[in-house]
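Numbering (the working numbering), first residue to last: 68 to 492. For each residue, glycine too, the CB sits at the ideal point set by N, CA and C. Everything numeric in this text was worked out from a predicted model, so none of it was measured. Okay, structure first, notes after.
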Ligand SMILES: NC(=O)c1ccc[n+]([C@@H]2O[C@H](COP(=O)([O-])OP(=O)(O)OC[C@H]3O[C@@H](n4cnc5c(N)ncnc54)[C@H](OP(=O)(O)O)[C@@H]3O)[C@@H](O)[C@H]2O)c1
């Protein structure tokens, strides 16, 4: 059985989970532009149905205010419930009506205390969606996973099932379990499974637009918070002299940077500390529009059996230059990007309080980066053999994460207060 939009000969009818989320909203917007009829399964929580529907529409309109939302139908459901919590009449209505399911909904938190919730959403949620696919006889199931289910060793991560024993967090673990279950079920079920493994997805390449401010953004947010607190301390704190003696100072006025961000107060924080990462390791960042364009290209491609596909950047930046540019854009100077291997084994602070010493500040910064540290050390190269065979060499997502792009996404984040009005995990 061949699936893929090319084989349909009419506009596809797609069921999507996670349409209110970052990647899901961009994906649905792109599907609408392709003429798809999109059924968005979205949970309502305590909200009434109208609010649920308007939440989906608002998410799509944030991506594109002119999106043709008349081709969206919102289904109230929750992936943690059997058959995603859909009632019998809705399920009957979907029977043999859906060409493809795109399961994007997930709990993307790295919070250690939310393990149960993360597993329930990501693992049980995927099983429930697979059950639903079978129940409605949907021939194609696309699962959005993470490239970080792959091992750091060997250095080349292939588009194959992983049997990894060590995980950095419950999120990675839940995604790997969900992949395994999908692989097993697809072997006997009546649908074709496609697993898309994404790496770090960031703001739009042209506008910087994002609705999610995790990973790279969290890091930037912490750095800006540090800047703000240091400026305050230098002005008002009785211990300011000690910081000044250690070389910490704020140079007010225009920074000598053609690409400066709207930072307040304007100026540059001189901070002679080390920022730890593995400078030669890569961070596989791709703008959300490039990711979604690639996913849509894949959707057209005919498939007759389970495929795992790495939707990753063939041109990922190295950590050293990435951190360097990011810190400069965020108004820092005088720091050193240092290899994590050179760090003494000081215990990281639990509470991330700002100590009045360079060592203390350095340690606080390190503590803030800990959840994301595994992703800045020994990132493997992601093989894209399957991706290339589906979309062709000329369409591979090879994006240059240059200073201009970083400025654009940081500018968007700063102007939007790192999503104060958006949800953050
Ligand atoms: N962002 C990245 O950098 C990245 C990288 C690799 C892979 N991914 C994968 O890409 C997918 C989308 O991620 P994202 O960044 O777009 O996440 P996101 O912005 O946090 O969105 C998560 C979506 O899942 C929905 N959801 C959560 N729990 C649900 C439930 N119980 N029932 C129904 N819907 C539920 C949320 O709905 P509500 O609005 O109701 O909360 C939201 O629409 C995920 O599978 C993630 O693992 C993301």
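Say yes only if the C-beta of residue 213 is nearer than 7 Å to one or more non-hydrogen atoms of ligand 1, and no if none qualify.
The residue you call residue 213 lines up with position 146 of the chain shown. Result yes, Cβ under 7 Å from ligand 1.
Please state if the CB of residue 185 and the CB of residue 237 are separated by a distance shorter than 8 Å.
Position 170 of the chain shown, counted from the first residue, corresponds to residue 237. Position 118 of the chain shown, counted from the first residue, corresponds to residue 185. In contact: residue 237 and residue 185 (Cβ atoms closer than 8 Å).
Contact between the stretch 423-433 and the stretch 363-382 is defined here as three or more beta-carbon pairs at a separation below 8 Å; is this criterion met?
no
Completely contained beta strand (DSSP E) runs for the stretch 83-146, where each covers 3 or more residues
104-109 and 139-143
On the three-state DSSP scale, how would you describe residue 209?
Taking the chain shown and counting its residues from 1, one reaches residue 209 at position 142. Of the three classes helix, strand and coil, the one that applies to residue 209 here is strand, per DSSP.
Would you mind stating whether residue 374 and residue 255 have Cβ atoms separated by less than 8 Å?
Numbered from its first residue, the chain shown carries residue 374 at position 307. Numbered from its first residue, the chain shown carries residue 255 at position 188. No, these two residues do not count as a Cβ contact at 8 Å.
Measure the Cβ-Cβ separation of residue 124 and residue 106 and say whether it is below 8 Å.
Looking up residue 124 in the chain shown gives position 57. Looking up residue 106 in the chain shown gives position 39. In this structure, residue 106 does not lie closer than 8 Å to residue 124 by Cβ.
Whose C-beta lies closer than 6 Å to the C-beta of residue 468 among residues of the same chain, with five residues either side of it excluded?
Start at 1 with the first residue of the chain shown, and residue 468 comes out as number 401. 352 and 384, listed in sequence order.
By the 10 Å Cβ neighbour count, where 16 or more other Cβ atoms means buried, how is residue 242 classified, buried or exposed?
Indexing the chain shown from 1 puts residue 242 at position 175. It is buried - the Cβ of residue 242 has at least 16 other Cβ atoms within 10 Å.
Assuming residue 52 contacts residue 443 (C-beta within less than 8 Å), just tell me the rounded distance between them.
Residue 52 lies beyond the stretch modelled for the chain, which goes from 68 to 492, so this question has no answer here.
For ligand 1, is there a heavy atom less than 7 Å away from the beta-carbon of residue 85?
Locating residue 85 in the chain shown gives position 18, counting from the first residue. Yes, since a heavy atom of ligand 1 falls inside the 7 Å radius drawn around the Cβ of residue 85.
Tell me which same chain residues have a C-beta within less than 6 Å of the C-beta of residue 95, skipping the five on either side of it?
Residue 95 sits at position 28 when you count from the first residue of the chain shown. Closer than 6 Å at the Cβ level, and outside the excluded window around residue 95, lie 83, 86, 105 and 127.
Between the beta-carbon of residue 136 and the beta-carbon of residue 93, is there less than 8 Å?
Within the chain shown, numbered from 1, the residue matching residue 136 stands at position 69. Within the chain shown, numbered from 1, the residue matching residue 93 stands at position 26. Cβ atoms of residue 136 and residue 93: not closer than 8 Å.
Consult DSSP for residue 194 and reduce its assignment to one of helix, strand or coil.
Here residue 194 corresponds to residue number 127 of the chain shown, with the count starting at 1. If DSSP states are grouped into helix, strand and coil, residue 194 belongs with the helices.
Taking Cβ positions, are residue 477 and residue 396 nearer each other than 8 Å?
The residue you call residue 477 lines up with position 410 of the chain shown. The residue you call residue 396 lines up with position 329 of the chain shown. Yes, Cβ-Cβ distance for residue 477 and residue 396 is below 8 Å.
Residue 381 versus residue 449 - alpha carbon distance
The sequence position of residue 381 within the chain shown is 314, counting from 1. The sequence position of residue 449 within the chain shown is 382, counting from 1. If you take the alpha carbons of residue 381 and residue 449, they lie about 8 Å apart.
Roughly how many whole angstroms lie between the Cα atoms of residue 376 and residue 235?
Sequence index remark: in the chain shown, residue 376 carries index 309 (1-based). Sequence index remark: in the chain shown, residue 235 carries index 168 (1-based). C-alpha separation (whole angstroms): 22 Å.
Quick check: what's the CA-CA separation for residue 121 versus residue 481?
The residue you call residue 121 lines up with position 54 of the chain shown. The residue you call residue 481 lines up with position 414 of the chain shown. About 27 Å.
Does residue 125 get closer than 8 Å to chain D when you measure Cβ to Cβ?
Checking the listed chains, one finds no chain D in this structure; it contains a single protein chain.
Report buried or exposed for residue 73, applying the criterion of at least 16 other Cβ atoms within 10 angstroms of its Cβ.
Indexing the chain shown from 1 puts residue 73 at position 6. By the 10 Å Cβ count, residue 73 comes out exposed.
Can you tell me which of the three DSSP states residue 69 falls into?
Residue 69 sits at position 2 when you count from the first residue of the chain shown. The answer is coil: DSSP assigns residue 69 none of H, G, I, E or B.
Is the distance from the Cβ of residue 211 to the Cβ of residue 361 below 8 Å?
Translated into the one-based positions of the chain shown, residue 211 becomes position 144. Translated into the one-based positions of the chain shown, residue 361 becomes position 294. Result no, Cβ atoms of residue 211 and residue 361 do not sit closer than 8 Å.
Closer than 7 Å to a non-hydrogen atom of ligand 1 - does that hold for the CB of residue 134?
Working through the chain shown from its first residue, we reach residue 134 at position 67. Outside the cutoff, so no.
With a cut-off of 8 Å on the beta carbons, I'd call residue 388 and residue 219 a contact; round off their distance for me.
As a working note, residue 388 is residue 321 in the chain shown. As a working note, residue 219 is residue 152 in the chain shown. That pair is no contact at about 21 Å.
How would you label residue 98, buried or exposed, when you count the other beta carbons within 10 angstroms and need 16 or more for buried?
Numbered from its first residue, the chain shown carries residue 98 at position 31. Burial call: buried.
Indicate, with yes or no, if ligand 1 has a heavy atom lying under 7 Å from the CB of residue 253.
Along the chain shown, one-based indexing puts residue 253 at 186. Every heavy atom of ligand 1 is 7 Å or more from the Cβ of residue 253, so no.
Expressed to the nearest angstrom, what Euclidean distance is found between the alpha-carbon atoms of residue 471 and residue 392?
Counting from one through the chain shown, the residue named residue 471 turns up at place 404. Counting from one through the chain shown, the residue named residue 392 turns up at place 325. Between residue 471 and residue 392, the C-alpha separation is close to 10 Å.
On the premise that residue 345 lies in contact with residue 407, defined as a C-beta separation below 8 Å, what is that separation, rounded to the nearest angstrom?
The residue labelled residue 407 in the question sits at position 340 within the chain shown. The residue labelled residue 345 in the question sits at position 278 within the chain shown. The pair is a contact, with the Cβ atoms about 6 Å apart (cut-off 8 Å).
Reference residue 473; option with closest CA among 156, 343 and 287:
As a position in the chain shown, residue 473 is number 406, starting the count at 1. Looking at the Cα atoms, 287 is the closest of the given residues.
Does the stretch 164-175 touch the stretch 199-215, meaning 3 or more C-beta pairs lie closer than 8 Å?
yes
Just checking residue 375 against ligand 2 - is the residue's beta carbon closer than 7 Å to any of the ligand's heavy atoms?
Only ligand 1 can be found as ligands here, which leaves ligand 2 out of the picture.
List the whole-angstrom C-beta distance separating residue 439 from residue 274, where the pair is believed to meet the contact cut-off of C-beta under 8 Å.
For this step, residue 439 is matched to residue 372 along the chain shown. For this step, residue 274 is matched to residue 207 along the chain shown. 24 Å between Cβ atoms; not a contact.
By how many angstroms is the C-alpha of residue 163 removed from the C-alpha of residue 157?
As a first step, residue 157 is located in the chain shown; it is residue number 90 there, counting from the start. As a first step, residue 163 is located in the chain shown; it is residue number 96 there, counting from the start. Using only the alpha carbons, I get a separation of about 12 Å.
Buried or exposed: residue 311, going by 16 or more other Cβ atoms within 10 Å of its Cβ?
In the chain shown, counting from the first residue as 1, residue 311 sits at position 244. Its Cβ having fewer than 16 others within 10 Å, residue 311 is exposed.
Distance CB(residue 204)-CB(residue 257) smaller than 8 Å
Stepping through the chain shown from its first residue, residue 204 is reached at position 137. Stepping through the chain shown from its first residue, residue 257 is reached at position 190. Cβ distance < 8 Å, so residue 204 and residue 257 count as in contact.
Tell me which residue opens and which closes the beta strand (DSSP E) that residue 265 is part of.
One-based indexing of the chain shown puts residue 265 at position 198. Per DSSP, residue 265 belongs to the beta strand (DSSP E) from 259-265.
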